[in-house]
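Visitor: This is the structure I have questions about; it appears just below.
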Amino acid sequence: MIPCQRALFDIPADVAYFNCAYMSPLMRPALAAGEAGLRAKAQPWTIPTTAFFEDSERARALFARLVGADAEGVALVPAASYGVATAARNLAVRAGQRIVTLADQFPSHVYSWREAAKAAGAEVVAVALPEGCDATPPVLAAIDDACAVAALPHVLWTTGAKLDLVAIGARCREVGAALALDLTQSAGALPIDFAAVRPDFAVAAAYKWLLGPYATGFLYVAPRWRDGAPLEETWIGRAGSEDFARLVDYRDAYQPGARRFDMGERANFALLPAAIAALEQLLAWTPDAIARTLAAKTAAIAARARALGLSAMPEDLRGPHYLSLALPEGAPEGLPARLAAERVHVSQRGRSLRVTPHLYNDDADADRLIDALARLL
Ligand SMILES: Cc1ncc(COP(=O)(O)O)c(C=O)c1O
Numbered sequence: 053m054i055p056c057q058r059a060l061f062d063i064p065a066d067v068a069y070f071n072c073a074y075m076s077p078l079m080r081p082a083l084a085a086g087e088a089g090l091r092a093k094a095q096p097w098t099i100p101t102t103a104f105f106e107d108s109e110r111a112r113a114l115f116a117r118l119v120g121a122d123a124e125g126v127a128l129v130p131a132a133s134y135g136v137a138t139a140a141r142n143l144a145v146r147a148g149q150r151i152v153t154l155a156d157q158f159p160s161h162v163y164s165w166r167e168a169a170k171a172a173g174a175e176v177v178a179v180a181l182p183e184g185c186d187a188t189p190p191v192l193a194a195i196d197d198a199c200a201v202a203a204l205p206h207v208l209w210t211t212g213a214k215l216d217l218v219a220i221g222a223r224c225r226e227v228g229a230a231l232a233l234d235l236t237q238s239a240g241a242l243p244i245d246f247a248a249v250r251p252d253f254a255v256a257a258a259y260k261w262l263l264g265p266y267a268t269g270f271l272y273v274a275p276r277w278r279d280g281a282p283l284e285e286t287w288i289g290r291a292g293s294e295d296f297a298r299l300v301d302y303r304d305a306y307q308p309g310a311r312r313f314d315m316g317e318r319a320n321f322a323l324l325p326a327a328i329a330a331l332e333q334l335l336a337w338t339p340d341a342i343a344r345t346l347a348a349k350t351a352a353i354a355a356r357a358r359a360l361g362l363s364a365m366p367e368d369l370r371g372p373h374y375l376s377l378a379l380p381e382g383a384p385e386g387l388p389a390r391l392a393a394e395r396v397h398v399s400q401r402g403r404s405l406r407v408t409p410h411l412y413n414d415d416a417d418a419d420r421l422i423d424a425l426a427r428l429l
């Protein structure tokens with residue numbers, strides 16, 4: 053168990069923030085690193101040309117360690133949608149085939165697939181998850197010979213329902229389907245081993261469980277797709293881009309690995325240092341210990357919420373960091389706004405409250421949440 057890390061965050065004592073799935077707060081060291089990076093731009097002579105490469109390589113390597121991937125396969129992207137668009141550009145879909153998604157999946161992991169399906173004469177299917185049931189069996193059943201791509205998350209952003217990605221990866225390989233993952237609501241908080249899952253593409257926006265700044269993210273590309281087509285043709289993605297004096301000796305060859313898929317201006321001097329500081333801290337804690345600690349926090353809240361008539365999905369069926377509390381009949385409208393007025397922050401998705409803690413939450417936060425719910429329900 054990791055002890056409460058509130059001192060690393062700028063969260064006032066009377067704020068109970070249970071909305072990491074919406075946006076994580078930046079840690080103080082990450083904020084300092086970002087501020088120093090932004091300040092450097094006021095004195096550009098302090099930014100050497102090597103800075104265009106060093107932080108990018110560091111960020112790549114840190115994210116790779118977090119998910120058990122090779123750093124060569126990691127590209128720097130600004131958003132989950134960018135990574136999904138890259139995957140959709142490179143994965144072949146034929147007429148009559150199907151792209152398998154979950155019902156209510158986050159739109160960044162839907163629209164590119166719809167476009168790909170439309171262009172190919174294929175179909176996007178959305179697997180409905182029966183309430184309170186294991187999400188994996190219906191997904192496995194939908195991945196058959198007609199499936200071109202399984203485009204899935206690790207946990208569903210609305211309810212936290214968790215998929216067994218090792219089993220799904222194996223099923224994809226069995227039927228010849230590609231696996232394209234959106235790990236935005238899991239990477240950093242839920243361990244994953246890419247060597248076991250073997251995704252073709254996997255993206256994660258960093259501003260949630262990776263504790264990074266907005267507009268940073270990572271795209272993993274499996275070895276067999278690394279000679280694919282990027283969304284943009286960046287100068288830095290080409291071979292020899294380290295030599296600034298010879299950039300107009302235009303080159304056909306790309307930088308090795310997944311670097312061709314990096315976004316333009318990937319060497320963001322303000323955002324990357326902050327993202328790196330966050331990844332270093334996550335690795336020091338380890339995703340395993342983070343998951344264990346958050347599992348205890350969500351279980352304790354679920355037990356107390358149950359006594360107030362709010363029901364939660366069984367622990368083994370949801371992400372350990374994710375609690376979706378079904379509201380009882382007659383619950384007042386606008387509950388998140390009422391809670392926010394008491395400085396307790398959660399989200400509502402459908403008729404459920406989404407409670408997503410992190411290591412900054414302490415027992416006093418949980419008391420505030422439960423006390424406020426008892427008063428408002
Ligand atoms: C599952 C999931 N993917 C992606 C995102 C963010 O997408 P993007 O980075 O494309 O803005 C969110 C934001 O809520 C999300 O929940």
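If you're matching positions, the sequence shown starts at 53 in this note's numbering and goes up one per residue.
All C-beta atoms in this analysis are idealised placements derived from N, C-alpha and C, irrespective of residue type, glycine included.
1) State the Cα-Cα distance for the pair L114 and I99, rounded to the nearest angstrom.
2) Using 7 Å as the limit for Cβ to Cβ distance, is A171 near chain B?
3) For K214, I'd like the list of residues in its chain whose CB is within less than 6 Å of its CB, leaving aside the five on either flank, ordered along the chain.
4) Classify E226 as helix, strand or coil using the three-state DSSP reduction.
5) Are the beta-carbon atoms belonging to P96 and P243 less than 7 Å from one another?
6) My output table needs one value for P388: the three-state DSSP class, helix, strand or coil.
7) With respect to 6 Å, is the separation between the Cβ of F158 and the closest non-hydrogen atom of ligand 1 below this value?
8) Could you check whether the Cβ of W209 sits closer than 6 Å to any heavy atom belonging to ligand 1?
9) Does Q149 come out as helix, strand or coil in the three-state DSSP assignment?
10) Run through the DSSP bridge pairs and tell me what V129 is partnered with.
11) Compare the Cα-Cα distances from R91 to each of P189, N320 and R150 and report the closest residue.
12) What does DSSP give as the partner residue(s) for R401 in the beta ladder?
13) Kindly list the residues whose CB is nearer than 8 Å to the CB of C199, restricted to its own chain and excluding five residues on each side of it in sequence; keep chain order.
14) Give me the residue from A351, L283 and E175 with the minimum Cα distance to E367.
15) Got a sec? Which residues, its chain only, sit under 7 Å from P308 by beta carbon, not counting five neighbours each side?
16) Answer with buried or exposed for R318, where buried requires no fewer than 16 other C-beta atoms within 10 angstroms of its C-beta.
17) Within a Cβ cutoff of 8 Å, which residues of the same chain sit near A137, ignoring the five residues on either side of it in sequence?
18) Is D368 close to ligand 1? I mean its beta-carbon at under 6 Å from any heavy atom of the ligand.
19) Tell me R370's beta-bridge partners as DSSP assigns them.
20) Give the secondary structure of P189 by DSSP, where H, G and I count as helix, E and B as strand, and everything else as coil.
21) Measuring from the CB of D440, is there a heavy atom of ligand 1 at a distance below 6 Å?
22) Which of the three DSSP states, helix, strand or coil, is assigned to S363?
23) Would you say the beta carbon of A132 comes nearer than 6 Å to a heavy atom of ligand 1?
24) Would you give the residue range spanned by the beta strand (DSSP E) that S376 belongs to?
25) Determine the direct distance from the alpha carbon of G316 to that of A359, and round the result to whole angstroms.
26) Considering only their Cβ atoms, is the gap separating A241 from W209 smaller than 7 Å?
Guide: Once the coordinates are examined:
1) 22 Å
2) Structure shown: chain B not included; a single protein chain is present.
3) V207, R370 and G371
4) helix
5) No, they are not a contact pair.
6) It is helical.
7) yes
8) yes
9) Q149 falls in the coil class under three-state DSSP.
10) G269
11) N320
12) S404
13) Q149, R150, I151, V152, C224, V227 and A229
14) A351
15) E124
16) buried
17) Here the set comprises S164 and L283.
18) With a cut-off of 6 Å, the C-beta of D368 is classified as distant from ligand 1, since no heavy atom of the ligand falls inside that distance.
19) A213
20) In this structure, P189 counts as helix in the three-state DSSP scheme.
21) There is no way to answer for residue 440, as the model of the chain reaches only from 53 to 429.
22) strand
23) yes
24) L375 to A378
25) One Cα belongs to A359, the other to G316, and the distance between them is close to 51 Å.
26) For W209 and A241, no; Cβs fall outside 7 Å.
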